[in-house]
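> Those letters in the sequence shown? Residues 1 to 133, by full-length UniProt numbering. Note that CB positions come from ideal geometry on N, CA and C, so glycine has one too. Just so we're clear, the structure is a prediction, and the values are computed from it rather than from any experiment. This is the structure I want to talk about, given as structure tokens.
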Amino acid sequence: MDTKELITAYYDAFNAGRTDEMLAYLHDEIEHHVNEGQIRRGKDQFREFNAHMTRCYKELLTDIVVFANDAGDRAAAEFVVNGTYLQSDEGLPEANGQKYVLPAGTFFSVRDCKISRVTTYYNLADWTRQVSA
């Protein structure tokens, strides 16, 4: 599987809600750099993050475009997050099923044919405005 196929399979699993399958595409030493917060290291922390996200949010990514360098060790994806805020997340506005649409992007490092870094960016102020309206 080349890098673009790897990233596409990762997002296919995300969109299908198969978070355990997502873990299969990750390197054991995965580093998850989040938009706000500390770096999460290892599959256990990534699994915990996914469980938290599944409780608080229902998201579908659309308009996904995946890019990769020639060496296949770095990639990026641009997409639109179509979400529903299900359960209040600590430090964020109260949840009551608000819908949101948010452009986002992720940068990846790939090692040993597995994703070794996930760095996601989105506009938190825009998300907060949407769920607070």
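Who are the Cβ neighbours of Gly105 in its own chain at under 6 Å, not counting the five residues just before and after it?
Glu78, Tyr121
> Within this structure, are the beta carbons of Gly72 and Thr3 separated by less than 7 Å?
yes
> Within a Cβ cutoff of 7 Å, which residues of the same chain sit near Phe49, ignoring the five residues on either side of it in sequence?
His32, Arg40
> What are the start and end residues of the beta strand (DSSP E) that includes Tyr100?
DSSP places Tyr100 in the uninterrupted beta strand (DSSP E) bounded by 98-111.
> Hey, out of Pro103, Thr62, Ile115, Ala95, whose CA is closest to Ile30's CA?
Ile115
> In the structure shown, what three-state DSSP assignment does Tyr10 receive?
DSSP places Tyr10 in helix when its eight states are reduced to three.
> I'd like the span of the beta strand (DSSP E) that includes Leu61, first residue to last.
Note, Leu61: beta strand (DSSP E), 57-68.
> Please check the pair Tyr57 and Leu23, which I expect to be a contact at CB under 8 Å, by giving their CB distance rounded to whole angstroms.
Incorrect: roughly 18 Å between the Cβ atoms, too far for contact.
> Compare the Cα-Cα distances from Thr54 to each of Met1, Tyr10, Ala133, Gly83 and report the closest residue.
Gly83
> Given that a residue counts as buried once 16 or more other Cβ atoms are within 10 Å of its Cβ, and exposed if not, what is Val65?
exposed
> Would you give the residue range spanned by the beta strand (DSSP E) that Glu78 belongs to?
74-85
> Between the Cα of Ser109 and the Cα atoms of Asp70, Leu60, Asp63, which residue gives the shortest distance?
Asp70
> Could you check what DSSP says for Glu21 in three-state terms: helix, strand or coil?
helix
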